[in-house]
Structures are given as C-alpha cells and as structure tokens.
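For reference, the structure discussed in these notes is given below.
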Amino acid sequence: MPKSKKTPKKSKKKTARKKATEKPLNIDEINKLIIKLDAANHALENHNLNLAQVWLQEYIQALPKELTDKKIKKSIKEAMEERDFELLKAAIEADIERLSVLKIKNLRLKITSFS
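Numbering (our numbering), first residue to last: 1 to 115.
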C-alpha cells in the first residue's frame with residue numbers, strides 16, 4: 001500500500017502577515033499617530049510626564065487594531081501606571097520606529113502598485 005504524502009500546513013501567522021502587507025494602510029492615519037507619539041516624546045524630554053500621559057491616552061484611543069503592537073502598548077501602559085520615565089521614553093521611541101517602518105513599507109507598496 002503506498003504511503004500518502006502529507007502536505008505541509010501553512011502557518012496562520014504567515015498568511016495574516018501577507019494579508020496585512022498586501023493592501024496599503026492609510027498613510028495619513030499613521031502620520032497622525034506618529035505626531036501624537038512625537039508630541040509625547042517631546043513632553044518627556046521637557047520633563048512633563050503629565051502632558052506625555054495625555055498625549056499617550058489620545059494615541060491609545062486613536063490606535064486601530066491592525067496597527068497595534070501588544071507588547072509595546074503593554075509597556076506604555078505599565079510605564080504610565082508606574083510613572084517610569086525611562087521605560088516610557090523607550091517604549092515611545094520603539095513605537096515611533098515601528099510606525100515609521102510600517103509607513104515606509106506602505107509607501108513602497110503604493111509605489112509598486114502604480115508600476
């Protein structure tokens with residue numbers, strides 16, 4: 001009796017990532033989120049933690065699910081609760097970097113779709 005060959009199953013994560021990168025996200029929405037994070041970062045540089053928390057609350061409320069990074073969001077919330085200046089600044093900078101990379105990916109996708 002011949003052995004049946006099993007076909008490898010595709011990972012759900014890989015297909016979800018492909019779907020996320022296939023259609024470009026709204027660049028204006030990403031820009032608005034980056035501006036809010038940048039304002040919070042500037043408030044922290046001026047040692048105004050309360051203002052930074054206000055900007056971060058606005059950022060968290062405006063953040064859509066498809067752009068959410070759970071680990072960074074958790075770090076921001078924990079740092080705000082503990083009023084940890086260094087962790088908050090690091091989490092904000094990481095999220096700014098992540099959104100900037102996502103913005104560039106979407107711009108490249110837009111450019112290649114026109115070609």
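The C-beta atom is built at its ideal place from N, Cα and C for all residues, glycine as well.
None of the values given here were measured: they were computed from a predicted structure.
Drop a sphere of 10 angstroms on the beta-carbon of residue i, count the other beta-carbons inside from all chains shown, and report buried for 16 or more, exposed for fewer.
{"i": "Asn-26", "result": "exposed"}
Could you tell me the distance, in whole angstroms, from the CA atom of residue i to the CA atom of residue j?
{"i": "Lys-73", "j": "Leu-49", "result": "17 Å"}
{"i": "Ala-52", "j": "Ile-104", "result": "26 Å"}
{"i": "Leu-56", "j": "His-42", "result": "12 Å"}
{"i": "Lys-71", "j": "Arg-108", "result": "26 Å"}
{"i": "Lys-98", "j": "Asp-84", "result": "Strictly speaking, residue 98 in this sequence is Arg, with Lys absent from that position. Cα to Cα, the separation comes out at about 21 Å."}
{"i": "Glu-45", "j": "Asp-95", "result": "16 Å"}
{"i": "Glu-81", "j": "Lys-110", "result": "39 Å"}
{"i": "Ala-62", "j": "His-47", "result": "24 Å"}
{"i": "Ala-40", "j": "Lys-77", "result": "13 Å"}
Start and end of the alpha helix (DSSP H) containing residue i?
{"i": "His-42", "result": "27–45"}
Suppose the cutoff is 8 Å on Cβ atoms and the five residues either side in sequence are ignored; what does the same chain contact list for residue i look like?
{"i": "Asn-106", "result": "Pro-24, Leu-25, Ile-27 and Ile-30"}
Tell me which residues share the same chain as residue i and place their Cβ nearer than 7 Å to its Cβ, disregarding the 5 neighbours each side in the sequence.
{"i": "Glu-58", "result": "Lys-36"}
Please list, in chain order, all residues of the same chain as residue i whose beta carbon is under 6 Å from its beta carbon, the five residues on each side excluded.
{"i": "Ser-75", "result": "Ala-91"}
- Query: Along the chain, which unbroken stretches of the alpha helix (DSSP H) at least 4 residues long are found entirely within the region 62–99?
  - Reply: Counting only runs of 4 or more residues that sit fully inside the region 62–99, the alpha helix (DSSP H) segments are 70–82, in chain order.
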